[in-house]
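Asker: Per this note's numbering: the sequence shown ends with 373, consecutive numbering throughout.
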Amino acid sequence: MMRFSTLVKHPADWMTGKSKDNAVVITSRIRLARNLRDLPFPGWAMKEERKEILKTILPEIKGLNKMKNGFAQELSELDSLQKQVMVERHLISREQAARGDGCAAVVNRKQSLSLMVNEEDHLRMQSIFAGMHLREAYDLLDSIDRQLETKLSYAFDGKLGYITACPTNLGTGMRASAMLHLPALVLTDQIGQVLQAVSKIGLAVRGLFGEGTESLGDLFQISNQSTLGESEEVIIDRLERVINQVANHERNARLKMMEEESDQLTDKIGRAYGLLKHAHLFDSKEAFTHISLLRLGADLGYFPEGTMQICDELMMEIQPAHLQLYAGKELEPEKRDLIRAEIIRDQLQNLDPPAN
Numbered sequence: 018m019m020r021f022s023t024l025v026k027h028p029a030d031w032m033t034g035k036s037k038d039n040a041v042v043i044t045s046r047i048r049l050a051r052n053l054r055d056l057p058f059p060g061w062a063m064k065e066e067r068k069e070i071l072k073t074i075l076p077e078i079k080g081l082n083k084m085k086n087g088f089a090q091e092l093s094e095l096d097s098l099q100k101q102v103m104v105e106r107h108l109i110s111r112e113q114a115a116r117g118d119g120c121a122a123v124v125n126r127k128q129s130l131s132l133m134v135n136e137e138d139h140l141r142m143q144s145i146f147a148g149m150h151l152r153e154a155y156d157l158l159d160s161i162d163r164q165l166e167t168k169l170s171y172a173f174d175g176k177l178g179y180i181t182a183c184p185t186n187l188g189t190g191m192r193a194s195a196m197l198h199l200p201a202l203v204l205t206d207q208i209g210q211v212l213q214a215v216s217k218i219g220l221a222v223r224g225l226f227g228e229g230t231e232s233l234g235d236l237f238q239i240s241n242q243s244t245l246g247e248s249e250e251v252i253i254d255r256l257e258r259v260i261n262q263v264a265n266h267e268r269n270a271r272l273k274m275m276e277e278e279s280d281q282l283t284d285k286i287g288r289a290y291g292l293l294k295h296a297h298l299f300d301s302k303e304a305f306t307h308i309s310l311l312r313l314g315a316d317l318g319y320f321p322e323g324t325m326q327i328c329d330e331l332m333m334e335i336q337p338a339h340l341q342l343y344a345g346k347e348l349e350p351e352k353r354d355l356i357r358a359e360i361i362r363d364q365l366q367n368l369d370p371p372a373n
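1. Taking DSSP as the reference, what is the three-state secondary structure of residue 227?
2. In terms of residue numbering, what span does the alpha helix (DSSP H) encompassing residue 21 cover?
3. What is the rounded straight-line gap between the Cα of residue 339 and the Cα of residue 105?
4. Could you say which of 66, 344, 305 and 162 lies nearest to residue 330 if we only look at CA atoms?
5. Are three or more beta carbon pairs between the region 253-260 and the region 147-164 nearer than 8 Å?
6. By how many angstroms is the C-alpha of residue 118 removed from the C-alpha of residue 138?
7. When burial is assigned at 16 or more other CB atoms within 10 Å of the CB, is residue 76 buried or exposed?
8. Please state whether the Cβ-Cβ distance between residue 68 and residue 161 is less than 8 Å.
9. Return the bridge partner residues of residue 174 from the DSSP annotation.
10. If residue 47 and residue 158 are in contact, beta carbons under 8 Å, what's the gap, nearest whole angstrom?
11. Check whether chain B comes within 8 Å of residue 154, counting only Cβ atoms and requiring the distance to be less than that.
12. How many angstroms separate the CA atom of residue 61 from the CA atom of residue 182?
13. So residue 309 and residue 200 are in contact, right, with Cβ under 8 Å, and what is the actual spacing, rounded?
14. Tell me whether the beta-carbon of residue 190 lies closer than 8 Å to the beta-carbon of residue 40.
15. Please return the same chain residues whose Cβ sits closer than 7 Å to the Cβ of residue 108, not counting the five positions on each side in sequence.
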C-alpha cells in the first residue's frame with residue numbers, strides 16, 4: 018500500500034491545476050453517504066462498535082480493484098498534522114480528522130477517490146475531478162458503490178432511500194458540488210446577487226472547506242442541499258445548469274473588465290504580483306487574495322502559460338499544515354507567515370511582470 022509520504026509527494030492532478038479547462042470551475046466532486054443495516058451511526062456507537070464496523074468495511078474497500086496499491090490508514094495511526102494535511106487536500110473532512118478510534122481513510126493512487134470509514138456515516142465516499150466533470154465523477158463513484166453494495170448490507174428503506182445520520186442526506190445520500198474561482202464577480206460587486214440567486218433555487222454556497230467555512234481566494238463551493246425524492250440524474254442536471262450559468266457570468270465579468278476597466282484591472286494584478294514577489298510576511302487570507310488575482314491574470318493572458326498551475330500549487334502548499342509539514346515541525350502563526358512568503362517568492366522568482 019502507498020505510504021503517507023508518497024501520498025504527499027504526488028498530489029492529484031486536480032490539486033495542482035493540470036487541466037486545460039479549470040480556469041473557472043476548478044473541481045467537480047460527488048460524495049455518497051452509506052450506512053450498514055441495524056448498526057448505530059458512528060456518533061452514537063461505542064468505541065468497540067466502531068472498531069467492528071471498521072473491520073467489516075475496510076477489507077471490502079481495500080479489495081476493490083480501483084483502490085489497489087492505494088493509501089489505507091486508520092486515523093489513530095496518523096498524527097494531527099498528517100490528518101490536517103489530508104483535510105487541506107480535501108481527502109478527508111474536518112469532522113473525520115477530529116474523530117479517533119475506529120476511523121480510517123482509503124485513497125486510490127490517483128487521489129481521485131477517497132473513502133472515509135466512520136465519519137458522520139459508516140461510509141463516506143467521494144470522487145473528485147478537475148474542471149467541470151460531475152457526470153464522470155458520479156459514474157466512477159457509482160461503480161464503486163455498486164461493487165460495495167454486493168458485499169455490504171446497506172441501510173436502505175423503500176420510501177426514504179439510503180438511511181443516513183443526518184436527515185438532509187436521506188434519499189440518494191449524494192452531495193454533488195463544484196469549486197469555482199469567481200474573482201471578477203467579486204471585483205465587480207456582483208457576487209452577492211449571483212450567490213443569492215443560487216441559494217434561492219435550493220443550492221448551497223460554501224467556502225473552501227465546505228459547511229461553516231469562509232471563502233478564501235474568491236473560491237466558492239456550490240452544491241445540492243436536498244437528496245430526498247429526486248434521482249441522482251436530476252440533481253446533477255440541475256447543478257450542472259446552475260454552475261454553467263455562474264461560470265458564464267464570471268467569464269462575462271472578466272471580459273467586461275478587460276474592455277471597460279483595463280487600467281484598474283492591470284493595476285490590481287500588477288500590485289498582487291509585486292506583493293507576492295517581494296513581501297516577507299503573509300497570512301493565509303492575504304496570500305490567497307493576491308494569488309487569486311495572479312490566477313485571474315494568468316487566465317486573461319497577463320502571464321505565460323503554466324502560471325495558473327503555479328497558482329494552484331501555491332494554494333495547496335501555503336496552507337498551515339502543509340507549511341508545517343514542509344518545515345518538519347509545528348510552527349507559531351508568525352513563523353508560518355514568514356515561510357509562506359518565502360515559498361511564494363521562491364515559486365515566482367522567474368515570473369516576469371504582467372504584460373498589459
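Beta carbons: idealized from backbone N, C-alpha and C, even for Gly.
Answerer: Checking against the coordinates, here is how it stands:
1. For residue 227, the predicted model reports a pLDDT of 49, less than 50, meaning its position is unreliable and no value from the coordinates is stated.
2. 21-26
3. If I take the Cα positions, the gap works out to 8 Å.
4. 305
5. yes
6. 15 Å
7. exposed
8. no
9. 178
10. The Cβ separation is near 5 Å, so the contact holds.
11. Protein chain content of the structure displayed is limited to a single chain, and chain B is not contained in it.
12. 10 Å
13. 5 Å
14. no
15. 122, 124, 128 and 131
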